[in-house]
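Participant: What follows is a structure written as structure tokens; I'll ask about it next.
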Amino acid sequence: MLWLCLDFPALGREALGVEASVAVLGAHGSHRWLITEVAGGPAGKTLPAGLSLAEARSRSPELPTRPRQPEAEREQLEALAHALYRFGSPVVAEVLEPAEPFALPRWRVSVEIGASLSLFGGVEALREQVLLDLLDWHCAARLGIAPSRLAAGVLAEAGETTPCLRAEDLPTRLNPLPIGLLPWPAATRDALASVGLARLGALFAAPPETLRQRFGAEVPRDLERLLARRAEPYRAIEPPPVFAARFELHGEVDNVETLLFPLKRLTQRYAAYLSARAVTAMHCRLELRHDLGAPTVVPLQLLSPSRDAGRWFEILRERLYRQPPNRAVRELHLSATDFLPISGSQAALFDAHRLSRERQALLEKLIARYGEPNLWRPALRGDHRPERAWAATGLGQPVVSPPPLPPAATSPLLQRGDSSDALPPPPAGEGWGGGGLRKQSTTQGPPNRPPPSLPPPAGGGTHPRRRPLWLLRQAKPIAQPPAEGLPERIETGWWDGAPAHRDYHRVTLGERSGWVYRDLDDGRWYLQGLWE
């Protein structure tokens, strides 16, 4: 096995979302101490982790403090573990700390990467990709790689960035390191140091039975695990079937700007969860919780599945700007229950359609900013009549194929040619648009007789079969124009009281081409649309 371990020395502070100048305090009885380093001490010096609060206050009287929140640490560590799932399995997230005053917790995530090396192009390429992914999390991290999980953690904490790939090389790499890098109680470390066993190399040289008799069975046992000579027990982290994450604020917040940092943190966790489960989603639910009363609920539905943290964040941010909370917020809660499976081939397909994804993201931002009732787009309808072949629909509604058309009347004339799907006109006024016509015939030939084909146009080439993008909202009467070619007949509408019996032609109108028809009922000619 080959383990990659990430050690997060400042996670206690990062989980709270506070600045590096804030002291996060551990507690044990009446004792209080710093569990992470604090920047901006006297004369610009850093206050070290493990310093008592009394000593820290003597050096920096105005030192701001926050109590440690183990639950927030656990949630942040789990999110980081989910983000590492794509690099291997199993993934282990753990907090190591002796239950004693002034102990410093170790927040670690380990992933077994031996089976993934060829996928990422080797250990160095995988290592670089892990560090690149961590940039989005804005967290301090130290990385170690070794054949045992415990050794990888020791190398990470020691700042030994060079991977150790073989178990037989572990003693040489670990010999000079201090025993304080092992998660042993202070009493055990002090007892070992009192007899000159302050380095791991000295422990490796000591007889295991002597260590067992003098210092307990856990010392030689842990050394065997460190050197990959004994199996290490672990509890692999598994993403739960539903997603739920929360971020508790330090006080009441009544402006959107202050909510953006925790919102980004929650959407990062959501994206990491989706990645770990190899699923995607179109829905989530944001709750802004207050001290009193029901929470403010912000449901979100995307136009297409996504597991992009930036996309979720951008849309939720627009929603909050458009409808800010009317009461102070104490906590943000993001949840989701419905997910869609995604295969590796689908993921590659999505990556290949960047422009399509960008278009979807733009539509989602417009919905979030202006509200879905204020936006529309054209959609096809199952009707051959150009003026009825489209309808306005909301941007949030899926685009589906129109329903089957009713059968058109039988005519001995012509088979209608294909048409391209064109944009219809806007809902008010005249202007650009399109027929919105389906690619099927409106007139069929008599039974047992194939429809005649259009004769070739003069001079060669093909017949222009596209419908014009510019359709008039209401056809305008015109004088009979010189018709070109054979007509295209539409006979339909008998089922809804608005029958249409028309022969359509493409004609020349000055410098433009027009789409006109002759009404077979009154014999008059009408202009339906124009080509530019």
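Quick note: the sequence shown uses the numbering used here, first residue 169, plus one each step.
Ideal Cβ positions, reconstructed from N, Cα and C, are used throughout, including at glycine.
Bear in mind that the values here come from a model prediction, so they are computed numbers and not experimental data.
1) What is the rounded straight-line gap between the Cα of residue 653 and the Cα of residue 644?
2) Does the beta-carbon distance from residue 291 to residue 285 come in below 8 Å?
3) Just list the beta strand (DSSP E) runs in the region 179–264, keeping only unbroken ones of 3 residues or longer that don't cross its boundaries, in chain order.
4) Determine the contact status of residue 466 and residue 507, defining contact as a CB-CB distance below 8 Å.
5) Among 213, 355, 661 and 249, which has the Cα closest to the Cα of residue 551?
6) Please report how far the alpha carbon of residue 242 lies from the alpha carbon of residue 373, in whole angstroms.
7) Going by alpha carbons, who is nearest to residue 190 out of 408, 176, 225 and 681?
8) According to DSSP, simplified to helix, strand and coil, what is residue 527?
9) What separation, rounded to the nearest whole angstrom, lies between the Cα atoms of residue 636 and residue 682?
10) Can you say whether residue 391 is buried or exposed, counting buried as having 16 or more other CB atoms within 10 angstroms of its CB?
11) Can you grab the Cα-Cα spacing for the pair residue 606 / residue 555, in whole Å?
12) Can you give the Cα-Cα distance for residue 495 and residue 230, rounded to whole angstroms?
13) Counting pairs of beta carbons, one from the region 197–206 and one from the region 334–347, are three or more of them closer than 8 Å?
14) Which residue from 324, 449 and 549 puts its Cα closest to that of residue 472?
15) One question on the structure: do residue 688 and residue 674 come within less than 8 Å of each other, judged by their Cβ atoms?
16) Taking the C-alpha atoms as reference points, what is the distance between residue 434 and residue 244?
17) To the nearest angstrom, how far is the alpha carbon of residue 322 from that of residue 406?
18) What is the residue span of the alpha helix (DSSP H) that residue 483 lies within?
19) Considering only C-alpha positions, which residue in the set 219, 363, 194 and 356 is nearest to residue 181?
20) Would you identify the three-state DSSP class for residue 609, choosing helix, strand or coil?
21) Pull up the distance between the alpha-carbon of residue 444 and that of residue 436, whole angstroms please.
22) Just tell me which of 539, 381 and 250 has its CA closest to the CA of residue 301.
23) Applying the 10 Å Cβ sphere with the 16-neighbour rule, what's the burial state of residue 530?
24) Would you decide whether residue 328 is buried or exposed? Buried here means 16 or more other CB atoms lie within 10 Å of its CB.
25) Enumerate in chain order the residues of its own chain whose CB-to-CB distance from residue 265 is below 8 Å, with the five nearest sequence positions on each side excluded.
26) Start and end of the beta strand (DSSP E) containing residue 546?
27) Could you check whether residue 295 and residue 315 sit closer than 8 Å to each other, using their CB atoms as the reference points?
28) In or out: residue 427 buried (at least 16 other Cβ within 10 Å) or exposed?
29) Quick one: what's residue 683 bridged to in DSSP?
30) Can you grab the Cα-Cα spacing for the pair residue 535 / residue 488, in whole Å?
31) Quick one: does residue 315 have its CB under 8 Å from some CB of chain B?
32) By alpha-carbon positions, which one of 223, 228, 236 and 169 ends up nearest to residue 178?
33) Within the continuous alpha helix (DSSP H) that includes residue 320, where are the two ends?
34) Can you tell me which of 641, 665, 545 and 499 puts its alpha carbon nearest to the alpha carbon of residue 697?
35) So what's residue 388 in DSSP terms, helix, strand or just coil?
36) Pull up the DSSP beta-bridge partners for residue 501, would you.
Facilitator: So, from the listed chains and residues:
1) So the two alpha carbons sit approximately 22 Å from each other.
2) yes
3) 191–196, 199–202, 233–235 and 259–264, all fully within the region 179–264.
4) no
5) Ranked by Cα distance from residue 551, the options 213, 355, 661 and 249 are led by 661.
6) Approximately 37 Å, taken between the alpha carbons.
7) 225
8) Residue 527 falls in the helix class under three-state DSSP.
9) 8 Å
10) With 16 or more other Cβ atoms within 10 Å, it is buried.
11) Residue placement at residue 606 is flagged as unreliable, the pLDDT there being 29, under the threshold of 50; the coordinate-derived value follows with that caveat. About 13 Å.
12) Distance between the alpha carbons of residue 495 and residue 230: 31 Å.
13) The region 197–206 is not in contact with the region 334–347.
14) Taking each of 324, 449 and 549 in turn and checking the Cα distance to residue 472, the smallest one comes out for 449.
15) no
16) 10 Å
17) 24 Å
18) 477–490
19) Residue 194 is the option with its Cα nearest to residue 181.
20) At residue 609 the pLDDT is 37, less than 50, meaning the model places this residue with poor confidence and gives no usable figure here.
21) 12 Å
22) Closest by alpha carbon: 250.
23) With a 10 Å radius around the Cβ and a threshold of 16 neighbouring Cβ atoms, residue 530 comes out exposed.
24) Buried.
25) Cβ within range, chain order: 271, 272, 273, 274 and 351.
26) Counting along the chain, the beta strand (DSSP E) containing residue 546 begins and ends at 545–548.
27) no
28) buried
29) 674 and 697
30) 12 Å
31) Of the protein chains in this structure there is only one, and it is not chain B.
32) 236
33) That run of the alpha helix (DSSP H) goes 317–326.
34) 641
35) helix
36) Per DSSP, the beta-bridge partners of residue 501 are 414 and 455.
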